[in-house]
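Peer 1: Throughout the sequence shown, residue numbering follows the numbering used here, covering 1173 to 1387 in sequence. Dumping the structure here so I can ask a few things about it.
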Amino acid sequence: MSKPKLRERQLPDGGGAAYLETLAAYGEVRGVSRAAASKWNKAGQIVFVPDDEGRKKTGLIDVAASDAKRNADQNPVKRQAPSPTVTETNDDAAPKKPSDPTLDAVTQAKAGSAVLDLKLKRLNYEEKVGNLVPKSEMEERNAGRGHRMAEALMRLAGDVAEDANPDDPNRARKVISAAVRTLLERFIEGETERLDAEAELDTAPQTEMAEVVHA
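Now the structure itself:
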């Protein structure tokens, strides 16, 4: 029997495709936007493998390996733990002592709490030295800049309409204005997606921490 192609392989227990072609597809199956998946990729948390023809540039995303990489990077206990080594075993070897779920949860909670505490201290220091600007103030500044930019672009449409079409400047103004509105809508949509992705990444460690504490 021939070996199934990578694109046809499935994760066990009905987990879906084992290999995906795009970051957008990976983000979709993990419930996040493409922007969030791109950030994972930039952080080195997405694992690519050559496709069936051995091409690396058009490689596929290894879903299971990428999940494991992200989980290891997001869990401070796993980051500090040494890499496991493969050892030979035999029937006479002593059985491993079962882990205590409660103790594991407490250990992870303490490690996560230490990381959050360090981040909080860093933020407090940055605030004291004046390096931080309130989020609401930055949002107001950005909103003001965006509004002024939109007004300037719409005025530009009127200014160049007559030069673009002296015979019918009104028609030129409408065409240019429509194109400007489309560009502005795309820009706003991209900014919204970026902010959502950042908020999702910011809250992920806190959500994981809460799940550990309540486990």
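Glycine included, C-beta positions come from ideal geometry on N, C-alpha and C.
For serine 1205 and alanine 1315, what's the separation of their Cα atoms in angstroms?
Peer 2: Taking the Cα positions, serine 1205 is about 23 Å away from alanine 1315.
Peer 1: Spatial neighbours of serine 1349 within its chain, please: C-beta separation below 7 Å, excluding the five flanking residues on both sides.
Peer 2: Met1326 and Ala1329
Peer 1: Relative to the C-alpha of isoleucine 1233, which residue among Thr1279, Trp1212 and Ala1322 is closest?
Peer 2: For isoleucine 1233, the nearest C-alpha among the options comes from Trp1212.
Peer 1: With a threshold of 6 Å on Cβ separation, who are the neighbours of serine 1238 within its own chain once the five nearest residues in sequence on each side are excluded?
Peer 2: Ile1218 and Val1219
Peer 1: CB glycine 1199 to CB alanine 1209, shorter than 7 Å?
Peer 2: In contact: glycine 1199 and alanine 1209 (Cβ atoms closer than 7 Å).
Peer 1: Asparagine 1303 CB to nearest chain B CB: under 7 Å?
Peer 2: This model lacks chain B altogether; it includes just one protein chain.
Peer 1: Out of Asn1296, Leu1195, Asp1289 and Ala1207, which has the shortest C-alpha to C-alpha gap to glutamate 1363?
Peer 2: Ala1207
Peer 1: Report the start-end ranges of each alpha helix (DSSP H) in the region 1304 to 1376 that is 4 residues or longer and not cut off at the edges.
Peer 2: 1307 to 1336
Peer 1: Kindly indicate which three-state DSSP category glutamine 1217 falls into: helix, strand or coil?
Peer 2: In this structure, DSSP gives glutamine 1217 a state outside helix and strand, which the three-state scheme calls coil.
Peer 1: When you compare the CB positions of alanine 1333 and alanine 1344, do they come within less than 7 Å of one another, or not?
Peer 2: yes
Peer 1: From the DSSP output, which residues share a beta bridge with glutamine 1182?
Peer 2: Paired residue(s): Ala1189.
Peer 1: Check valine 1258 in the structure and name its three-state DSSP category.
Peer 2: Any reading at valine 1258 must be qualified, since the residue scores a pLDDT of 43, below 50, and its modelled position is unreliable; no value is offered.
Peer 1: Quick check: what's the CA-CA separation for lysine 1346 versus glutamate 1312?
Peer 2: Roughly 30 Å between the two C-alpha positions.
Peer 1: Report back the beta-carbon spacing between leucine 1183 and alanine 1236 to the nearest angstrom; my notes put them in contact at under 8 Å.
Peer 2: 6 Å
Peer 1: Secondary structure at aspartate 1234, three-state DSSP: helix, strand or coil?
Peer 2: In the structure shown, aspartate 1234 sits in a strand (DSSP, three-state: E or B).
Peer 1: Measure the CB-CB distance between leucine 1356 and alanine 1324 and report whether it falls below 7 Å.
Peer 2: no
Peer 1: Roughly how many angstroms separate the alpha carbons of leucine 1192 and serine 1285, rounded to a whole number?
Peer 2: 35 Å
Peer 1: Would valine 1201 and glycine 1188 qualify as a contact pair, given that the criterion is a beta-carbon distance under 7 Å?
Peer 2: yes
Peer 1: Grab me the residues of arginine 1366's own chain with a C-beta within less than 6 Å of its C-beta, minus the 5 sequence neighbours each way, in chain order.
Peer 2: Ala1207
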